[in-house]
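All residue numbers for the sequence shown refer to the working numbering, where the first residue is 3 and numbers rise by one. First the structure, in the form of structure tokens, and then the observations on it.
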Amino acid sequence: MSDLHLGLAGVGRIGAMHASHLTRTPGVGRLTLADADPDRAREVAEALGADWAPDAEALLARGVDGLLVATGTAQHPALVAAGVRAGVPVLCEKPVAPDVASSLPVLELVEAAGGVVRIGHQRRHDAGYREARRAHAAGELGRLHSVRATTCDAAPPPLAFLAASGGLFRDCSVHDFDALRWVTGREVVEVYARGSAEVAPQIADVGDVDTALAVCTLDDGTLAVVTASRCNGAGHDVRLELQGSLGTLVVGLDERSALRSAEPGTAFPAGPAHTTFAERFADAYRAEVAAFADLVRGAGGAAEDLCTLADAVAAARVADAAQESLRTGAPVRVAAPERAPAGAR
Numbered sequence: 003m004s005d006l007h008l009g010l011a012g013v014g015r016i017g018a019m020h021a022s023h024l025t026r027t028p029g030v031g032r033l034t035l036a037d038a039d040p041d042r043a044r045e046v047a048e049a050l051g052a053d054w055a056p057d058a059e060a061l062l063a064r065g066v067d068g069l070l071v072a073t074g075t076a077q078h079p080a081l082v083a084a085g086v087r088a089g090v091p092v093l094c095e096k097p098v099a100p101d102v103a104s105s106l107p108v109l110e111l112v113e114a115a116g117g118v119v120r121i122g123h124q125r126r127h128d129a130g131y132r133e134a135r136r137a138h139a140a141g142e143l144g145r146l147h148s149v150r151a152t153t154c155d156a157a158p159p160p161l162a163f164l165a166a167s168g169g170l171f172r173d174c175s176v177h178d179f180d181a182l183r184w185v186t187g188r189e190v191v192e193v194y195a196r197g198s199a200e201v202a203p204q205i206a207d208v209g210d211v212d213t214a215l216a217v218c219t220l221d222d223g224t225l226a227v228v229t230a231s232r233c234n235g236a237g238h239d240v241r242l243e244l245q246g247s248l249g250t251l252v253v254g255l256d257e258r259s260a261l262r263s264a265e266p267g268t269a270f271p272a273g274p275a276h277t278t279f280a281e282r283f284a285d286a287y288r289a290e291v292a293a294f295a296d297l298v299r300g301a302g303g304a305a306e307d308l309c310t311l312a313d314a315v316a317a318a319r320v321a322d323a324a325q326e327s328l329r330t331g332a333p334v335r336v337a338a339p340e341r342a343p344a345g346a347r
């Protein structure tokens with residue numbers, strides 16, 4: 003298929019971004035958008051020169067070759083199922099569902115139907131994360147002893163979003179948990195988490211924290227620290243540090259890093275800080291939808307690095323454990339899968 007017809011359900015902030023990237027993706031000849039608000043779908047479609055449908059059911063009836071799901075989390079399971087039943091590959095924004103318990107029926111449905119579903123963890127397509135994975139796999143860093151991952155937003159999203167997000171670890175740090183697994187090739191077996199809402203105390207009113215830290219133990223004994231914040235005034239800060247017996251490698255340390263040195267005479271970084279995830283990972287998001295287009299047409303290459311449904315559920319298990327540790331104040335063992343995923347592709 004040289005001119006794909008792709009469908010996109012959900013054109014809020016991240017969906018509109020995906021739509022914009024898809025209109026410039028080689029091999030995508032037609033794009034049809036749908037949203038719970040049909041006027042919104044029409045508005046975005048007209049701005050991009052795309053088509054629109056009144057709802058997701060009508061979108062799938064147009065005979066799309068693949069479906070990208072970028073709606074709110076609560077709608078993910080039903081839309082993934084609809085795409086699988088329609089016989090088309092699906093790329094769904096993370097998470098699969100609000101938690102692991104509600105993700106498992108989706109996994110079972112996809113396995114039973116032999117569906118092709120991938121989950122949007124765009125860091126797998128970021129040049130820095132890809133280099134870190136390569137360097138570690140090549141043994142260039144020696145034996146890892148410490149891993150540090152951070153994701154900090156410049157400002158918190160609306161409280162209405164936070165009230166339904168599932169918590170900072172599920173909404174935000176799940177990207178770091180997926181990156182830990184993907185870059186190191188190891189599993190997280192235990193999590194000890196703490197959090198606070200001292201910067202933005204109104205976030206506590208909806209049951210969340212604005213800052214959190216999780217100490218993770220990997221299955222080979224390596225220690226990893228994952229930190230997150232909703233209120234990082236310096237800018238959008240996403241980094242991963244791998245520290246080993248032979249060397250240290252840092253992802254996200256460039257001229258636009260949201261930090262400054264306290265050392266006299268040091269001007270690095272000199273550029274303006276990243277401000278949003280969409281801007282920080284623009285290249286990765288473009289590469290992700292291009293990889294999905296490759297998956298739809300049956301090509302290999304970058305499509306092989308798209309996050310599988312089973313991998314997304316594995317990262318969600320770590321996030322669930324972190325949220326439980328945050329609630330109880332005690333270390334929590336990460337639950338192992340009830341069974342090995344047989345056919346989740």
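Note that the Cβ used here is the ideal one computed from N, Cα and C, for glycine as well. Owing to the predicted nature of the structure, the values given are computational and were not obtained by experimental measurement.
Suppose the cutoff is 8 Å on Cβ atoms and the five residues either side in sequence are ignored; what does the same chain contact list for residue i look like?
i	result
G65	H7
T25	L33, L50, G51, A52
A43	V13, L35, A36, D37, W54, A55, P56
A272	E257
T250	L143, E243, L244
E59	A84
R188	L182, L220, D221, D222, T224
At least one CB of chain D closer than 8 Å to the CB of residue i: is that the case?
i	result
S259	Absent from the structure is chain D; it holds one protein chain and no more.
Leaving out five residues before and five after residue i in sequence, what residues of the same chain have Cβ atoms less than 6 Å from its Cβ?
i	result
T213	S198, S231
F171	A321, A324, Q325
L297	P91, A305
Y194	V217, S327, P333
D173	S167
L111	A83
R352	There is no way to answer for residue 352, as the model of the chain reaches only from 3 to 347.
A338	none
L248	L143, G144
D101	D322
G68	L8, V90, P91, V298
Do you know how far the Cα of residue j is from the Cα of residue i?
i	j	result
D239	P40	35 Å
V217	F283	25 Å
G168	S104	12 Å
G86	G9	Per the sequence shown, the amino acid found at residue 86 is Val instead of Gly. Computed Cα separation, rounded: 13 Å.
G331	A166	22 Å
A47	A156	29 Å
A162	P107	27 Å
A55	V176	32 Å
R341	V149	Summary for R341: the model assigns pLDDT 42, below 50, so the residue's position carries little reliability, and this model does not support an answer.
P203	A114	45 Å
H78	C94	7 Å
D348	V201	Here the chain has residues from 3 to 347 only, and residue 348 is not among them.
R319	V190	9 Å
I420	C233	Here the chain has residues from 3 to 347 only, and residue 420 is not among them.
A226	S22	36 Å
G62	R135	Rather than Gly, the amino acid found at residue 62 in this sequence is Leu. Going by the C-alpha atoms only, they are around 37 Å apart.
I16	A236	23 Å
H147	V185	14 Å
A317	C309	10 Å
F279	L81	24 Å
G209	L164	8 Å
My assumption, with CB atoms under 8 Å, is that residue i sits in contact with residue j. Please give the rounded CB distance.
i	j	result
V71	V92	6 Å
Q124	E281	Incorrect: roughly 13 Å between the Cβ atoms, too far for contact.
A139	A181	Contact doesn't hold; Cβ gap of about 14 Å is too wide.
A293	A275	About 28 Å; that fails the 8 Å criterion.
Does DSSP put residue i in a helix, a strand or coil?
i	result
E95	strand
E243	strand
T75	helix
A38	coil
G85	helix
A129	helix
H23	helix
S167	coil
C174	helix
V13	coil
S104	helix
T186	helix
H7	strand
R44	helix
G267	coil
H138	helix
R32	strand
L251	strand
G68	strand
Based on the DSSP output, what are the partners of residue i in its beta bridges?
i	result
R196	L215
I121	C94, C309
S327	None, per the DSSP bridge assignment.
T229	T152, L215
V334	V193
Could you name the residues of the same chain whose beta carbon sits closer than 7 Å to that of residue i, not counting the 5 residues immediately before and after it, in chain order?
i	result
G130	V253, G254
G246	L143, G144, R145, L146, H147
A137	L143, L251
Taking 7 Å as the line, does the beta carbon of residue i fall inside it for any heavy atom of the ligand MN?
i	result
L146	In the structure on display, the ligand MN does not appear, and there are no ligands present to speak of.
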